[in-house]
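For reference, the structure discussed in these notes is given below.
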């Protein structure tokens with residue numbers, strides 16, 4: 068899949084951004100893809116940043132559609148009460164800052180949970196998507212600049228046999244993580260019998 072996304076060029080980060088920022092578990096997926104693409108084709112860094120940011124924003128939009136409809140009641144079913152109250156207090160005071168940190172922080176920071184909470188607490192959709200786009204653009208720009216600086220070393224690592232095994236394990240982890248996450252969402256979204 069990763070090779071397929073690399074061959075898609077600028078459309079790879081767009082597609083992976085949609086998948087990664089919605090309901091699937093793909094930590095560092097778009098980061099790796101952006102670094103590889105930038106290392107191979109330096110001139111297209113702005114295009115890769117743009118498409119990755121748009122993809123991430125579209126993925127968040129899909130997540131927002133579902134979580135906004137479910138509201139606070141839907142969110143309560145997805146997490147422990149103590150965590151729900153903590154998140155509610157934090158989102159009431161500093162929603163924008165929390166969203167920016169979620170966009171910039173690497174996993175295991177709960178990006179999807181923060182976006183789901185913002186949507187469930189009815190944070191303004193346009194503001195949410197604007198923050199996501201701008202913060203992701205900053206993240207991908209920094210990663211792209213790092214790839215420009217270390218590009219040759221990155222390509223050498225990517226062509227190694229160890230990296231191939233690492234990616235196989237990473238893909239397995241993402242597949243299992245996505246399946247678990249989707250299963251949990253389905254289980255928690257079912258109505259509780261009276």
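In the numbering used here, the protein residues as written are 68 to 261. We treat Cβ as the ideally placed atom computed from N, Cα and C, and that holds for glycine.
{"Query": "To the nearest angstrom, how far is it from the Cα of residue 73 to the Cα of residue 149?", "Result": "42 angstroms"}
{"Query": "What residue from 76, 243, 130 and 171 has the CA that sits closest to residue 64's CA?", "Result": "Residue 64 lies beyond the residue range present for the chain, which begins at 68 and ends at 261; the question has no answer from this structure."}
{"Query": "Residue ranges of each beta strand (DSSP E) run of no fewer than 3 residues wholly in the region 179-255, ordered along the chain?", "Result": "none"}
{"Query": "Cβ of residue 105 within 7 angstroms of Cβ of residue 214?", "Result": "yes"}
{"Query": "Can you name the start and end residues of the alpha helix (DSSP H) that residue 96 belongs to?", "Result": "96-107"}
{"Query": "Nearest by alpha-carbon distance to residue 183: which of 217, 82, 89 and 234 is it?", "Result": "89"}
{"Query": "In this structure, how does DSSP classify residue 91 when only helix, strand and coil are distinguished?", "Result": "coil"}
{"Query": "Would you call the region 126-143 and the region 220-238 touching, i.e. three or more CB-CB distances under 8 angstroms?", "Result": "no"}
{"Query": "If I measure Cβ to Cβ from residue 102 and keep anything under 8 angstroms in the same chain, skipping five residues before and after, which residues do I get?", "Result": "210, 211, 213, 214 and 221"}
{"Query": "How many whole angstroms separate the CB atoms of residue 96 and residue 81, which I take to be in contact at a CB cut-off of 8 angstroms?", "Result": "Incorrect: roughly 13 angstroms between the Cβ atoms, too far for contact."}
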